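Counting in numbering that gives the first Met the number 0, the sequence shown runs from 0 upward without gaps. Just below is one structure, and these are the notes that go with it.
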Amino acid sequence: MRTLFLALCLLFVSSSAAQDGLKIYISADMEGLAGVVTGEQLGPTGFEYSRFRQFMTDEVNAAIWAAKEAGATEILVSDSHGNGQNLLIEQLPEDILVVRAWPRELGMMHGIDTSFDGAVYIGYHASTSNMEGVRAHTMSSANVTDLQLNGVPMTEGSWNAAIAGHFGVPVIMISGDDAAVKEVQSVVGPIEGAVVKWNHGFHSATTMTPAAGAKVVADKVRAAVERIDDFEAYVPEGPLVIRLSLKHYQPVEQLAYLR
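What follows is the structure in C-alpha cells.
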C-alpha cells in the first residue's frame with residue numbers, strides 16, 4: 000500500500016508540473032476587446048480611448064495571470080494596436096517584457112522565436128475580406144483591401160500564425176468578436192476562442208462588459224496553456240504565393256521597383 004501511495008504521489012507531481020517553465024507570447028490588439036465598436040475607443044482622439052486603454056490592460060493582465068497559473072514562467076507581450084503605445088505598462092507584472100511602438104521587423108509578432116511554447120491573441124478582429132466583424136480590416140484599413148497566402152484570405156491572426164509557425168510556435172488561443180474567432184479558427188485550426196462580443200456590423204455589436212470579457216479571456220487562456228501539447232504550429236506549404244490588393248496604385252508602383 001505504501002508503494003502504491005508513493006507511486007500515486009509521484010504521478011500527481013509529474014502531471015501537475017508537466018507544463019511548468021512554459022514561455023508564452025501575447026499579441027494584443029484593441030478592436031476585438033469587449034465593448035469596442037467604433038473609433039471612439041481606439042485612438043487618442045476618441046472620447047473613450049483612455050478608458051479602453053485600461054480595459055485592454057485588464058484583458059492582457061487576465062491572460063498573463065491565467066497563463067502563469069497554468070505553468071507559464073516567461074511571457075512577452077506585444078502592444079500591437081495603432082501606435083503600439085496603448086497598454087498601461089506600469090500595471091503589468093514586473094517580470095513581463097513589452098514590445099512597444101513601430102517599426103518592428105516581425106510586426107505584431109516581433110520578438111517571437113523558437114524558444115516560445117505558444118502564442119496568444121488578445122483583442123483581435125476579422126479581416127478586410129470578411130463581410131462580418133467589428134472594425135474588420137487587415138493590417139491597414141486605409142490601404143489594404145485583400146491579403147491572401149496560397150489563395151487563402153488572411154486575417155491578421157492567420158498571417159501572424161504563419162509567422163509564429165515559421166518558428167515552430169503554435170497559436171493556442173484568440174479573443175475577439177464572434178467573426179474574428181471563427182475566421183482564425185477556420186484557417187489555423189481548433190484553437191481556444193474567447194468570444195467577448197457578437198457583431199451586428201462594422202460599427203455595432205452586443206458585448207460583454209469588460210470585467211466579464213476579462214474573465215472569459217482568463218478561462219480560455221488557462222485552458223489553452225493547460226493543453227498546449229494539443230496544438231500544432233500553422234505552417235503553410237511552400238512555395239508561398241502572396242497576393243496583396245491595395246486601394247491605391249501608387250504603393251504598387253513603388254513595390255514594382257523591387258523586382
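Each residue gets a CB set at the ideal place from its N, CA and C atoms; glycine is no exception. Just so you know, these numbers come straight off a predicted model, no measurement behind them.
Mind checking VAL187: buried by the 16 CB within 10 Å criterion, or exposed? By one-based count along the sequence shown, residue 187 stands at place 188. With 16 or more Cβ atoms within 10 Å of its Cβ, VAL187 is classed as buried.
At which residues does the alpha helix (DSSP H) containing TRP64 begin and terminate? In the sequence shown, counting from the first residue as 1, residue 64 sits at position 65. Residues 48 to 68.
Sequence-distant residues of its chain with Cβ nearer than 8 Å to ASN142 (five each side left out): Taking the first residue of the sequence shown as position 1, residue 142 is located at position 143. Closer than 8 Å at the Cβ level, and outside the excluded window around ASN142, lie LEU245, LYS246, HIS247 and PRO250.
What residue range does the alpha helix (DSSP H) around ARG221 cover? As a position in the sequence shown, residue 221 is number 222, starting the count at 1. From DSSP, the alpha helix (DSSP H) with ARG221 extends over 209 to 225.
Once you ignore the five residues that flank ASP145 on each side, which residues in its own chain have a CB closer than 8 Å to its CB? Stepping through the sequence shown from its first residue, residue 145 is reached at position 146. Hits under 8 Å: THR127, SER128, THR137, PRO152, ARG242, LEU243 and SER244.
For LYS181, name the three-state secondary structure that DSSP assigns. Numbered from its first residue, the sequence shown carries residue 181 at position 182. In this structure, DSSP gives LYS181 a helical state, which the three-state scheme calls helix.
For GLY167, does the three-state DSSP call read helix, strand or coil? By one-based count along the sequence shown, residue 167 stands at place 168. GLY167: coil per DSSP, three-state reduction.
Proximal residues to ALA69 (C-beta, below 7 Å), its chain only, five neighbours per side dropped: In the sequence shown, residue 69 corresponds to position 70, counting from 1. Close CB contacts of ALA69 within its chain, under the 7 Å cut and outside five residues either way in sequence, are with GLN18, ARG221, VAL224 and GLU225 (chain order).
In or out: TRP101 buried (at least 16 other Cβ within 10 Å) or exposed? On the sequence shown, residue 101 is found 102 positions in, with the first residue counted as 1. Exposed, because fewer than 16 other Cβ atoms sit within 10 Å of the Cβ of TRP101.
Taking the alpha carbon of TYR24 as the point to measure from, which residue in MET107, GLN147 and ALA210 has its own alpha carbon closest? Here residue 24 is taken as the residue at index 25 of the sequence shown, counted from 1. When only C-alpha atoms are compared, the closest one is MET107.
CA-to-CA distance, ILE95 to LYS219, given in whole angstroms: Residue mapping note: residue 219 aligns to position 220 of the sequence shown, counting from 1. Residue mapping note: residue 95 aligns to position 96 of the sequence shown, counting from 1. Rounded to whole angstroms, LYS219 to ILE95 spans 20 Å at the Cα level.
Run through the DSSP bridge pairs and tell me what THR205 is partnered with. Sequence index remark: in the sequence shown, residue 205 carries index 206 (1-based). Bridge partners of THR205: TRP197.
Assign GLU191 to one of two classes, buried (16 or more other C-beta atoms within 10 Å of its C-beta) or exposed (fewer than that). Walking along the sequence shown from the start, residue 191 turns up at place 192. A buried status is given to GLU191, since no fewer than 16 other beta-carbon atoms sit within 10 Å of its beta-carbon.
Pop quiz: GLY45 and GLY34 are said to be a contact at Cβ under 8 Å. What is the actual Cβ separation, rounded to whole angstroms? As a working mapping, residue 45 is identified with position 46 in the sequence shown. As a working mapping, residue 34 is identified with position 35 in the sequence shown. About 12 Å; that fails the 8 Å criterion.
Please classify SER174 as buried or exposed, where buried requires at least 16 neighbouring CB atoms within 10 angstroms. Locating residue 174 in the sequence shown gives position 175, where the first residue counts as 1. The residue is buried, with at least 16 neighbouring Cβ atoms inside 10 Å.
Mark LEU254 as exposed unless 16 or more other C-beta atoms lie within 10 angstroms of its C-beta, in which case mark it buried. Counted from its first residue, the sequence shown places residue 254 at position 255. Its Cβ having fewer than 16 others within 10 Å, LEU254 is exposed.
Residues of its chain near ALA217, where Cβ-Cβ distance is below 6 Å and the 5 sequence neighbours each way are ignored: Taking the first residue of the sequence shown as position 1, residue 217 is located at position 218. So the qualifying residues of the chain are ALA61 and ALA65.
Would you grab the beta carbon distance between SER77 and VAL98 for me? Rounded to a whole angstrom, and I think it's under 8 Å. If you number the sequence shown from 1, residue 77 lands on position 78. If you number the sequence shown from 1, residue 98 lands on position 99. The Cβ separation is near 4 Å, so the contact holds.
By a C-beta neighbour count over all protein chains shown, 10 Å radius and 16 as the cutoff for buried, is SER157 buried or exposed? Locating residue 157 in the sequence shown gives position 158, counting from the first residue. Buried, because 16 or more other Cβ atoms sit within 10 Å of the Cβ of SER157.
Of the choices SER49, SER140 and VAL170, whose alpha-carbon is the least far from that of ASP229? The count along the sequence shown starts at 1 and reaches residue 229 at position 230. Out of SER49, SER140 and VAL170, VAL170 has the C-alpha closest to the C-alpha of ASP229.
Assuming LEU148 and GLY110 make a contact with CB atoms under 8 Å, what is their CB distance in whole Å? Taking the sequence shown and counting its residues from 1, the one referred to as residue 148 is at position 149. Taking the sequence shown and counting its residues from 1, the one referred to as residue 110 is at position 111. Actually they do not touch by this definition, with Cβ atoms about 22 Å apart.
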